[in-house]
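Asker:
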């Protein structure tokens, strides 16, 4: 029944008439009023309702030619046709028809890439100071071990000392005798005075009696010089070896010797030694000579007897400071006299002569210079 009512032609005509009445004043801009969609004779009033009077045509307008009846269409089509060209009174354009979004093209398939090989491991970082640190650490360990050993040895020494002190303290005290006076031996003059000799003349007579031919050798072995260097200097300055009848310099005591031993001859041993040394120095270019050590008497003999073309200097042999020998061609350390042997360490390139006598010293030095 419902489907029959919806398809009733009368019902459709009635709805269209109502729709035409509602849009009777609607028209396009610049278009004359539209006539009714349906002829008035075709609209019949439903039952129980007054018929709709058709609108009268304008009296001045000519009678239009009746249009052929329009085919029956659905409501949606009629509505679109009626609303065609309608726009809002504020002048806004009608909404454009909805556009169908363009279909998104399918994404291209991703190209498979070969797997990236893993990066090689980074080389280990080598600290350049590591080797030095290891060496120092090893040395430190060795030093610590040595310190431990020394501490143990020190503790053992302390224990031994304490034991020795305890042992000494435990010993009974022995009776002591008063110590005898210890001092320097008495001089020859003191012994002569104790004997009752007075004056130098009596002492000389006593000495002549002591130093006779029979007792001289024994007395020389027993007598000890208090100052050996002083006695040596006295002999060098006051004594001279001379042959019988030779003139002795003033202030010198002549000791008569055979002629071949005389120091006053041109060919005496001391003059020969001085000449030999001077010749060796001149031949080998040793013009500046420094003697370290030697008594004042020997220095005087060297200064007076050596060749005048040699520049001879002398340095005390007992001084503790390092002597200056700048510019010397030859340094001779004379170790047989007053020289303190610790001084020779200051002259590593010097000629060291370990002999007391001046003649033998000059002969040995000349041989060393000649090579």
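Numbering (the working numbering), first residue to last: 28 to 398. The beta carbon of each residue, even a glycine, is placed where N, CA and C say it ideally should be.
Have a look at residue 359 and residue 377 and give me their C-alpha separation to the nearest angstrom.
Answerer: What you label residue 359 is simply residue 332 of the chain shown in a count that begins at 1. What you label residue 377 is simply residue 350 of the chain shown in a count that begins at 1. If you take the alpha carbons of residue 359 and residue 377, they lie about 6 Å apart.
Asker: CA-CA distance, residue 71 and residue 107?
Answerer: In the chain shown, the residue the question calls residue 71 occupies position 44. In the chain shown, the residue the question calls residue 107 occupies position 80. The predicted model places residue 71 with a pLDDT of 49, which falls under 50 and marks its position as unreliable, so this point remains unresolved.
Asker: Hey, how far is the Cα of residue 315 from the Cα of residue 291?
Answerer: Within the chain shown, numbered from 1, the residue matching residue 315 stands at position 288. Within the chain shown, numbered from 1, the residue matching residue 291 stands at position 264. Roughly 28 Å between the two C-alpha positions.
Asker: Is the Cβ-Cβ distance between residue 404 and residue 283 less than 9 Å?
Answerer: Nothing can be reported for residue 404: it is not among the residues displayed for the chain, which extend from 28 to 398.
Asker: If we count the other Cβ atoms within 10 Å of its Cβ and call it buried at 16 or more, is residue 388 buried or exposed?
Answerer: By 1-based counting over the chain shown, the position of residue 388 is 361. Residue 388 should be labelled buried.
Asker: If I'm right that residue 276 touches residue 267 with Cβ under 8 Å, what's the distance once you round it to whole angstroms?
Answerer: To locate residue 276, count along the chain shown from 1; it is residue 249. To locate residue 267, count along the chain shown from 1; it is residue 240. Right, their Cβ atoms sit about 7 Å apart.
Asker: Identify the residues that DSSP records as bridge partners of residue 316: which are they?
Answerer: Within the chain shown, the letter at position 289 stands for residue 316. Paired residues: 339, 357.
Asker: Do residue 396 and residue 337 have their beta-carbon atoms positioned less than 9 Å apart in this structure?
Answerer: Along the chain shown, read from residue 1 onward, the residue named residue 337 stands at position 310. Along the chain shown, read from residue 1 onward, the residue named residue 396 stands at position 369. It is not a contact, given that the beta carbons lie outside the stated cut-off.
Asker: Would you check if the distance between the CB atom of residue 42 and the CB atom of residue 102 is smaller than 9 Å?
Answerer: If you number the chain shown from 1, residue 42 lands on position 15. If you number the chain shown from 1, residue 102 lands on position 75. Closer than 9 Å, so yes.
Asker: Using the Cβ count rule (16 or more neighbours within 10 Å means buried), how would you classify residue 393?
Answerer: Position 366 of the chain shown, counting from 1, holds the residue named residue 393. Buried, because 16 or more other Cβ atoms sit within 10 Å of the Cβ of residue 393.
Asker: Just to confirm the assignment, what range does the beta strand (DSSP E) spanning residue 378 have?
Answerer: As a first step, residue 378 must be located in the chain shown, where it is residue number 351. First-last of the beta strand (DSSP E) with residue 378: 378 to 380.
Asker: Can you tell me whether residue 310 is buried or exposed, with buried defined as 16 or more other CB within 10 angstroms of its CB?
Answerer: For the purposes of this step, residue 310 is identified with residue 283 of the chain shown, where counting begins at 1. The residue is exposed, with fewer than 16 neighbouring Cβ atoms inside 10 Å.
Asker: Considering only the beta carbon of each residue, do residue 221 and residue 212 sit closer than 9 Å?
Answerer: Along the chain shown, read from residue 1 onward, the residue named residue 221 stands at position 194. Along the chain shown, read from residue 1 onward, the residue named residue 212 stands at position 185. It is not a contact, given that the beta carbons lie outside the stated cut-off.
Asker: In its own chain, which residues sit with a C-beta less than 6 Å from the C-beta of residue 341, not counting the 5 before and 5 after it?
Answerer: Here residue 341 refers to the residue found at position 314 when the chain shown is read from its first residue. Once the five neighbours on either side are set aside, the close Cβ partners of residue 341 are 318, 326.
Asker: How far does the beta strand (DSSP E) with residue 283 in it reach, from first residue to last?
Answerer: Numbered from its first residue, the chain shown carries residue 283 at position 256. Unbroken beta strand (DSSP E) run through residue 283: 280 to 283.
Asker: Below 9 Å between beta carbons: does that hold for residue 296 and residue 386?
Answerer: For the purposes of this step, residue 296 is identified with residue 269 of the chain shown, where counting begins at 1. For the purposes of this step, residue 386 is identified with residue 359 of the chain shown, where counting begins at 1. Yes, they are a contact pair.
Asker: With DSSP collapsed to three states, give me the class of residue 291.
Answerer: For the purposes of this step, residue 291 is identified with residue 264 of the chain shown, where counting begins at 1. Reduced to three states, the DSSP call for residue 291 is coil.
Asker: Look at the Cβ atom of residue 379, then the Cβ atom of residue 354, and state whether they are nearer than 9 Å.
Answerer: Taking the chain shown and counting its residues from 1, the one referred to as residue 379 is at position 352. Taking the chain shown and counting its residues from 1, the one referred to as residue 354 is at position 327. In this structure, residue 354 does not lie closer than 9 Å to residue 379 by Cβ.
Asker: For residue 237, which residues in the same chain have their Cβ closer than 7 Å to its Cβ, ignoring the five residues on either side in sequence?
Answerer: On the chain shown, residue 237 is found 210 positions in, with the first residue counted as 1. 246.
Asker: Tell me, which residues are paired with residue 267 by DSSP?
Answerer: Locating residue 267 in the chain shown gives position 240, counting from the first residue. In DSSP, residue 267 forms a bridge with 281.
Asker: State the DSSP-derived secondary structure class of residue 138, mapped to helix, strand or coil.
Answerer: Within the chain shown, residue 138 is the residue found at index 111, counting from 1. Residue state, collapsed to three classes: coil.
Asker: Between residue 322 and residue 263, is the Cβ-Cβ spacing less than 9 Å?
Answerer: Position 295 of the chain shown, counted from the start, is the residue given in the question as residue 322. Position 236 of the chain shown, counted from the start, is the residue given in the question as residue 263. Contact: yes.
Asker: With H, G and I counted as helix, E and B as strand and the rest as coil, what does DSSP make of residue 273?
Answerer: Taking the chain shown and counting its residues from 1, one reaches residue 273 at position 246. Reduced to three states, the DSSP call for residue 273 is coil.
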